[in-house]
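Colleague: In the UniProt record's numbering, the protein residues as written are 1 to 343. Glycine residues also receive a C-beta, built at the ideal position from the N, C-alpha and C atoms.
1) Relative to the C-alpha of residue 344, which candidate in 162, 202, 160 and 190 has its C-alpha closest?
2) Quick check on residue 203: does DSSP put it in helix, strand or coil?
3) Tell me which residue opens and which closes the alpha helix (DSSP H) that residue 251 is part of.
4) Output the distance between the C-alpha atoms of residue 231 and residue 242, rounded to the nearest integer angstrom.
5) To which residues does DSSP link residue 231 through a beta bridge?
6) Could you tell me how far apart the beta carbons of residue 249 and residue 170 are, in whole angstroms, since I believe they sit closer than 8 Å?
7) Pick from 265, 309 and 302: whose alpha carbon is nearest that of residue 152?
8) Taking only the alpha-carbon atoms, compute the straight-line gap between residue 173 and residue 209 and give it to the nearest angstrom.
9) Please state whether DSSP places residue 385 in a helix, a strand or coil.
10) Which of the three DSSP states, helix, strand or coil, is assigned to residue 323?
11) Between the region 265-280 and the region 220-228, do at least 3 Cβ pairs fall closer than 8 Å?
12) I believe residue 154 touches residue 295 by the beta-carbon criterion, under 8 Å. Please report the beta-carbon distance rounded to the nearest angstrom.
13) Give the C-beta separation of residue 322 and residue 308 to the nearest angstrom, bearing in mind that I take them to be a contact with Cβ-Cβ under 8 Å.
14) Provide the residue(s) that pair with residue 177 in DSSP beta bridges, ordered along the chain.
15) So residue 195 is in the alpha helix (DSSP H); what residue range does that whole segment cover?
16) Taking only the alpha-carbon atoms, compute the straight-line gap between residue 316 and residue 149 and give it to the nearest angstrom.
17) On the DSSP letters alone, give me the boundaries of the alpha helix (DSSP H) that residue 307 sits inside.
18) Given residue 145, which residues of its chain have a CB within under 8 Å of its CB, disregarding the five upstream and five downstream residues?
19) My assumption, with CB atoms under 8 Å, is that residue 263 sits in contact with residue 198. Please give the rounded CB distance.
20) To the nearest angstrom, how far is the alpha carbon of residue 82 from that of residue 75?
21) So, under 8 Å CB-CB, residue 179 and residue 196 are touching, yes? Tell me the CB distance rounded to an integer number of Å.
22) By the 10 Å Cβ neighbour count, where 16 or more other Cβ atoms means buried, how is residue 318 classified, buried or exposed?
23) Please report how far the alpha carbon of residue 298 lies from the alpha carbon of residue 190, in whole angstroms.
24) I need the boundaries of the alpha helix (DSSP H) containing residue 317, first residue and last residue.
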């Protein structure tokens, strides 16, 4: 019986008495299988990472190699192009169907016909110039010249009828806007007393300018105040402007100012003419010259003046001879030299 029992028990290298032996055998087999699977998975993941790393490295090397090749290619083409650009000008001309350079692929530029003289035509040029002297008195605009002929009456026999005395009385005010008096203590030394009339005239002109400024200011203010309370249209605006600027104080002051200026200028022209005609020998010649009006350039109209003098026998016969001023001769006697004997 004992022998049969011994024969019925199987032999196992991990046989342990009791049920714990069987459990220990199963756990060992399970752990061995899990460790083998984890090791296989880790080895496969390592292989994948290695493949990706090698792939990236190979791709980087290829791209770097291609970039280097492109750069080398570009550098060679630039060198070939530089050789062609700086080649001597007596080389063979480039034809329409011939590449610019045999070593250049043509990828960087299109083939164009090149003119070898283009470089010289676009050379930098430093230009200098001279300017003519500007006239000391600029030319008069035509429209202002026509206005002057109308206001100053130049070229007309009525040129001397422009007066200012009555108008000037309206703008001379004391004190300040009239001639200044000479101090009584030194009145006997005032040798230029005749210029007080010029002082009086400029004082009146100053007052007239200020009056014109005030009239213009009041007219503009009246126009703005009127425009606030009414619907403005071209018709009523035109009539209001005519009322304020053409029929008001501004128009009168402007006309008076022009009267003063033109009247004083006519007086000055008349004085200059009188200083010349007073030297005429024949009173008839003097009367004939006084009838000649001034022009825009001369105090006597040039053509009429020449014809009148020719009838009188010329300027030397028509006018008194100008007396030359005698100048005293000064004899500069040099002083005797030092050490010279006086005899």
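Modeller: Per the coordinate set shown:
1) Since the first residue shown for the chain is 1 and the last is 343, residue 344 is missing from the structure and cannot be characterised.
2) helix
3) 249-277
4) 18 Å
5) The partner list for residue 231 (beta bridge, DSSP) is empty, contrary to what the question assumes.
6) The pair is not a contact, with the Cβ atoms about 12 Å apart (cut-off 8 Å).
7) 265
8) 14 Å
9) Residue 385 cannot be examined here, being either before or after the span of the chain that is shown, 1 to 343.
10) coil
11) no
12) 6 Å
13) Their Cβ separation, rounded to whole angstroms, is 19 Å, which puts residue 322 and residue 308 out of contact at 8 Å.
14) 173
15) No alpha helix (DSSP H) contains residue 195, which DSSP labels as neither H nor E.
16) 32 Å
17) 302-311
18) 296
19) Not confirmed; about 14 Å, so no contact.
20) 11 Å
21) 4 Å
22) buried
23) 34 Å
24) 315-318
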